[in-house]
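Numbering-wise, the sequence shown is residues 1 to 615 according to my numbering.
Here is the structure we will look at, set down as structure tokens.
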Amino acid sequence: MKTQLLSLQGRFARLFSAVMLLLLASTAAHAAQYPAGFPNFYPDPADQYLAKAANAEGSELASYQLQAAGRLLQERRAGEAQPLLANIDTHGLSPEQQLEKNLLQVNLWLQFHNGERALYELSQITDLQDYPRHYQITYYQVAALAYRQTDNLLASIEQRIQLDTLLTGDPQQQNQQDIWQGLNSLSTDEISAELRRPTNDLVAGWLELAYINKGYQDDPKLLAQQARAWQEQNPNHPAALFLPGQPKGPWHEASAFDFAKDAQIALLVPTTGPLADSGRSIRNGFMAAYYGEHGNQSGQRIKVYNTDGQDIRSVYNQAVNEGAALVVGPLTKANVKTIAKQRKLAVPTLTLNYTPSKLKVPENLFEYALSPQDEALQVADKAFADGHRRALIIAPQNAWGQGIAETFKYRWQTQGGEVADSLHYSADTHFNDAIQTLLKVDESNARSQTIRKIIGSKVASRPTRRQDADVIFLVANPDEARQIRPLIKYYYAGDLPMYATSQVYAGKPNPLKDKDLDGILFCDTPWALDTADNIDKAKQEMTRIQPRANSQMSRLYAFGFDTYTLTTELNKISSYPDMSLRGFTGDLHLSNNHKVFRRLPWAVFKNGEPVLTTG
1 MKTQLLSLQG RFARLFSAVM LLLLASTAAH AAQYPAGFPN FYPDPADQYL AKAANAEGSE
61 LASYQLQAAG RLLQERRAGE AQPLLANIDT HGLSPEQQLE KNLLQVNLWL QFHNGERALY
121 ELSQITDLQD YPRHYQITYY QVAALAYRQT DNLLASIEQR IQLDTLLTGD PQQQNQQDIW
181 QGLNSLSTDE ISAELRRPTN DLVAGWLELA YINKGYQDDP KLLAQQARAW QEQNPNHPAA
241 LFLPGQPKGP WHEASAFDFA KDAQIALLVP TTGPLADSGR SIRNGFMAAY YGEHGNQSGQ
301 RIKVYNTDGQ DIRSVYNQAV NEGAALVVGP LTKANVKTIA KQRKLAVPTL TLNYTPSKLK
361 VPENLFEYAL SPQDEALQVA DKAFADGHRR ALIIAPQNAW GQGIAETFKY RWQTQGGEVA
421 DSLHYSADTH FNDAIQTLLK VDESNARSQT IRKIIGSKVA SRPTRRQDAD VIFLVANPDE
481 ARQIRPLIKY YYAGDLPMYA TSQVYAGKPN PLKDKDLDGI LFCDTPWALD TADNIDKAKQ
541 EMTRIQPRAN SQMSRLYAFG FDTYTLTTEL NKISSYPDMS LRGFTGDLHL SNNHKVFRRL
601 PWAVFKNGEP VLTTG
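Quick look at the structure:
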């Protein structure tokens, strides 16, 4: 019998502001063995599998070809994997090999951003329940991604719900968190419409709880009552056991971020001086979100305090004395540290930068920042999840660049990765020479010259690059990256996957200049990458308010917008530590230490333009 793709019947013509997060793979025991979205782990370089295939035949030949294709897909080299998969002789494949080929084919189409073709490939898979669990897990992982790629969020969520029955431990909890986040990005009307359609108890339980959460947001007491009633009716439902916020409990009554809805908010930013443009951009975004939420009907008052050249403690105390029930800011690291070192804060405070990691801060202090270190962590996680283990790092030789590089290095090595080498560049760096040295092409040339001298005649040789690295992490602005990327390709390393932080993208498509960046995979904000209606509308409003805003100021405007949204939602997501808020600057999560962490979508440069990816 054909394996039935679980599909809710609603169809949605909407764009989503972030791509599907890469699912954790397999059960806890198999997580390291099977990367997300892949039926097996392919540890060796593709060339090694192909070399073995050259001396094999029959099923052994097919096995090596499958492994080579799998490795190429792990490295996101779909163009090279496609002819390899197409030329595998299927007649001699075992049932498991045929399933592996089908699942790799699905992964291929997802990398080509062809969700419809991926769903067709999935529909060809039969009797899935007869295969080992890790194949079933891979099936539902890629099915969730394929439905998301075709803008069918509810069907994608239902694939996750089916996947959930196959997982245990941390991967299951992560999957359930993702189910919950997806449901909470829907409107109450969408959830209500789905509840009216026939479905099973497992799906209905998730939908009902999401409806409660969305429908009673403005009445915490009634929200808590409805949640408890749901838990009594669904004691064995997975959401009752792993609902974000456990074990502290959902909708807990006390929160360090609690204030009246009509309370006065103080916004502490510089509006004059060297940081005036940054402060004004944040202010403009903050106020745009406020008026978008309330129009002119709210009794809430926003009062802006200029921090430029001021003693920040005096400004903070003035804001509190003048009636602020919530303080947002300050912006600079130095001012944030000064406020955070207070033993006690009079009102809940949301800073616009992070405190030093070892500083003990007041209970009612929350922190939110556009941190490149957060991005470095995500790059390390993704590159490792994609199967890479030996990294080259290219970063500026200054405190900012080294901070990002060290964050990546720490996370990378913590997971078991190795740093093969690093290039730290400055304004005086000659990239041509530096990249030759990094890739050890100069050593290859030197060897050829030595041999030529020894034998006394010309040697027919092609320079080669080092072979002990399988990925490059790049920290660079667009101008620097446009010099570095072509040289990486020129010196025989164009096949090495290259990952970067958002600094690599100027924020607006520029195909003519960015053609040289093709192939670079990077994370950035939905504001920079997505074209959803709400983002386009907000950008139009920004252009009206701030017509000369450059890329950096535009990002800070989005930061200010999300900051106001956080003031309305932090009380809830502090009650649900694992919940997220889908914002213009990413999916916003609150950590145990009260820091707001951004989870970002991924894109790859193709023909000089960023294209959202599936993982």
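Where a beta carbon is used, it is the ideal one built from N, C-alpha and C, also for glycine.
Note that the structure is predicted; figures quoted are calculated from it, not measured.
Measuring CB to CB, does residue i end up less than 9 Å from residue j?
i	j	result
I265	T565	no
A227	N213	yes
V596	R76	no
L556	S278	yes
Q111	A78	yes
L326	A369	no
Q284	G560	Reading the sequence as shown, one finds Asn at residue 284 and not Gln. Closer than 9 Å, so yes.
D381	R411	yes
E363	N353	no
T307	G329	yes
A391	F286	no
N175	L209	no
S123	L93	no
A288	I545	yes
A403	Q373	Looking at the sequence shown, residue 403 is not Ala but Gly. Contact flag set, yes.
P274	D164	no
D530	R485	no
W602	C523	yes
G612	H113	For clarity, residue 612 is Leu in the given sequence; the question names Gly instead. Yes, these two residues count as a Cβ contact at 9 Å.
A420	A469	yes
I125	N102	yes
Y305	V336	no
H388	P497	yes
I137	L186	no
Sort the options by Cα distance to residue i and report the nearest one.
i	options	result
P95	V106, Y135, A69 and Q67	Y135
L331	L166, Q231, V361 and T271	T271
D151	K513, V320, E116 and G608	E116
T464	A481, L438, R482 and P486	L438
V618	Q310, N335 and K303	Here the chain comprises residues numbered 1 to 615, so residue 618 is not present and cannot be evaluated.
I88	H594, S187 and Q65	Q65
A427	T407, E406 and N477	N477
D44	S371, A68, L93 and S63	A68
G215	L612, G92, T188 and L275	T188
Q552	G416, Y505 and Q97	Y505
Q378	I191, T501, L223 and D530	T501
P83	N184, Y139 and L104	L104
S627	T414, Q124 and L119	The chain is shown from 1 up to 615; residue 627 falls before or after that span and cannot be answered.
I179	L195, W400, L154 and R197	L154
D562	N107, I545 and P526	P526
L131	E100, S554 and H91	According to the sequence as given, residue 131 is Tyr; it is not Leu. Comparing Cα-Cα distances from Y131 to each of E100, S554 and H91, the minimum goes to E100.
F384	Q74, W602 and L50	Q74
L581	L122, Y49, N184 and S123	N184
F38	Q98, A54, Q141 and T90	Q141
L223	E57, K572, H594 and R133	K572
N200	E158, V441 and E190	E158
Q397	S422, A53, T90 and A334	S422
T338	Q415, G323, I312 and Q318	I312
G182	Y211, L521 and S357	Y211
V475	A528, L202 and E375	E375
For residue i and residue j, which I take to be in contact (beta-carbon distance under 8 Å), what is that distance rounded to the nearest angstrom?
i	j	result
I488	I435	6 Å
V206	I161	Position check: residue 206 holds Trp in this sequence, whereas Val was assumed. Going by Cβ atoms, the distance from W206 to I161 rounds to 6 Å, so yes, they are a contact pair.
T349	L365	5 Å
Y499	V471	7 Å
L72	A51	Between A51 and L72 the Cβ distance is about 14 Å, and since that is not below 8 Å, they are no contact.
A549	F584	Not a contact, Cβ separation roughly 14 Å.
E609	P509	5 Å
F408	Q483	Not really, about 21 Å apart at Cβ, beyond 8 Å.
A62	Q97	6 Å
Spell out whether any CB of chain B is found under 9 Å from the CB atom of residue i.
i	result
I394	As a matter of chain content, chain B is missing from the structure shown, which is built from one protein chain.
Those runs of the alpha helix (DSSP H) which lie wholly inside the region 53-113 and span at least 4 residues
58-74, 78-86 and 95-111
Would the region 577-592 and the region 498-515 be scored as touching if the rule is three or more Cβ pairs under 8 Å?
Counting Cβ pairs under 8 Å, fewer than three are found: no touch.
Could you say if the region 334-345 and the region 480-494 meet the contact criterion of at least three C-beta pairs nearer than 8 Å?
no
What runs of the alpha helix (DSSP H), each 4 residues or longer, lie entirely inside the region 107-164?
115-123, 133-149 and 153-164
Ignoring anything shorter than 3 residues or poking outside the region 519-597, list the beta strand (DSSP E) runs there in chain order.
Runs found: 520-523, 580-583 and 586-590.
Starting from the N-terminal side, write out each stretch of the alpha helix (DSSP H) that is 4 residues or longer and does not extend beyond the region 163-189.
169-184
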